[in-house]
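Colleague: First residue of the sequence shown? That's 19 in this note's numbering, and the numbers climb one at a time after it. Here a beta-carbon is modelled for each residue, glycine too, at the ideal position from N, C-alpha and C.
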Amino acid sequence: MKFLFELLSKQSVSGDESDMAQYIFDYVQKRAFSWKVQPEVFFGEDFHDCVLLKFGTPTTAVFAHIDTIGFMARYQNQLIPVGGPEIIEGTRLVGKDRKGEISCKIVGGEDGCFHDFPRGIDRGTRLSFEQNIRVDEDYIQAAYLDNRLGVYNALKLCESLENGWVVFSTYEEHGGGSMPFLLSFIQNKAPVRQALISDITWITEGVEHHKGVVVSIRDKFIPRRRFIDRLVALAEESGVPFQLEVEAFGGSDGREVQFSPYLIDWCFIGAAEDEVHTPNEKVSLFDLDCMLKMYRFLMEKL
């Protein structure tokens, strides 16, 4: 799992995804020669910190966001959440500003969040949870499984993919913003009719560990029933264990697909986690394996 550990070690708080984007681009440059199909790669300042890979003749796109939640330094040792992190007093944060490396703890809570670093931190500095990766026979537990596992799944998919887009987006955890451009670029370059969202969802009273990858019928937003029915039929055909999710809240890059001017069907498919948006996110290794297998099967069939 060395590659996954490397992904988990990268900091990429929303709005500061450039290091992660460069890591993905470098990974593609080193590994693409061994893939079944070598993709056309779109990366650089014209794409901000997004990376797009076009394989063959696409009809389906897979989207995985590369940003994470975190915190931003304000004034008088104040911290402002980026996205929706759980604010737990004593949680360790790390980052870097012009004066050097930063390691500190959260002081306070929802009513007032501060850090205990012994000097002032440059305004606007992003801080993220200190990483502590734990793996046993059944689970992986770490910060930022959302959405490093989605990125991991998308990059593993590239090894066997013949036709499709694999797209690494930004800003998802803090309101979105890159998807309108990405969708416009894709639809002008090599249009698709459907999209899969490679992301991580929640353990709830109806979604459990070790029961397979989650196929989401709805979160706050509702994909088109005809497409969901088709996906569920294919999922059953695959023989890969899966669970159906129906929730009233939550969202993903699927929201921006649905709100776009393009008629693109979409569905969120991913493993589920406990301890959401904390340093201790927890995912079943069996469910992660099901996620990898399901994406490979669906991208061959769609």
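#1: Quick one: measure Cβ to Cβ for T77 and Q159, integer angstroms, because I've assumed they're closer than 8 Å.
#2: Using C-beta distances below 8 Å, list every residue in its chain close to P279, excluding the 5 sequence neighbours before and after it, in chain order.
#3: How many whole angstroms separate the CB atoms of G113 and L163, which I take to be in contact at a CB cut-off of 8 Å?
#4: Look up F245 in the DSSP assignment and say whether it is helix, strand or coil.
#5: Which residues bound the beta strand (DSSP E) around K123?
#6: In three-state terms, what does DSSP make of F51?
#7: Quick one: what's got a C-beta closer than 6 Å to N95's C-beta in the same chain, skipping five residues either side?
#8: Quick one: what does DSSP say E291 is sitting in, helix, strand or coil?
#9: Per DSSP, I98 forms a beta bridge with which residues?
#10: Excluding the 5 residues flanking K300 on each side, which residues of the same chain have their C-beta closer than 7 Å to its C-beta?
#11: Short of 6 Å in beta carbon distance, which residues of its chain neighbour V275, apart from the five on each side in sequence? Order them along the chain.
#12: Which same chain residues, not among the five before or five after R110, have their C-beta less than 6 Å away from its C-beta?
#13: With A79 and W183 assumed to form a contact (beta carbons below 8 Å), what rounded beta-carbon distance in angstroms separates them?
#14: Once DSSP output is grouped into helix, strand and coil, what is the label at L111?
#15: Would you mind working out which of G126, L173 and A253 sits nearest D44, comparing C-alpha positions?
Modeller: A quick look at the data gives this:
#1: Between T77 and Q159 the beta-carbon gap is near 37 Å, outside 8 Å, which marks them as no contact.
#2: Result list for P279: empty, nothing under 8 Å.
#3: Going by Cβ atoms, the distance from G113 to L163 rounds to 20 Å, so no, they are not a contact pair.
#4: Judged by DSSP in its simplified three-state form, F245 adopts helix.
#5: According to the DSSP assignment, K123 belongs to the beta strand (DSSP E) that extends over G118 to G127.
#6: Correct three-state label for F51: helix.
#7: By the criterion of a C-beta distance shorter than 6 Å, N95 is surrounded in its chain by F132 and H133, once the five residues flanking it on both sides are discounted.
#8: The answer is strand: DSSP assigns E291 an E or B state.
#9: I98 is bridged to M90.
#10: So the qualifying residues of the chain are Y157, Q159, E291, D292 and E293.
#11: Scanning its chain for C-beta atoms nearer than 6 Å, with the 5 sequence neighbours on each side dropped, one finds around V275 the residues A213, I282 and W284, in chain order.
#12: Annotation for R110: K123 and E148 place their beta carbon closer than 6 Å to its own, counting only its chain and skipping 5 residues before and after.
#13: Taking C-beta atoms under 8 Å as the contact rule, A79 and W183 qualify, at a distance of about 4 Å.
#14: Secondary structure at L111: strand, using DSSP grouped into helix, strand and coil.
#15: Closest in C-alpha terms to D44, from the list G126, L173 and A253, comes L173.
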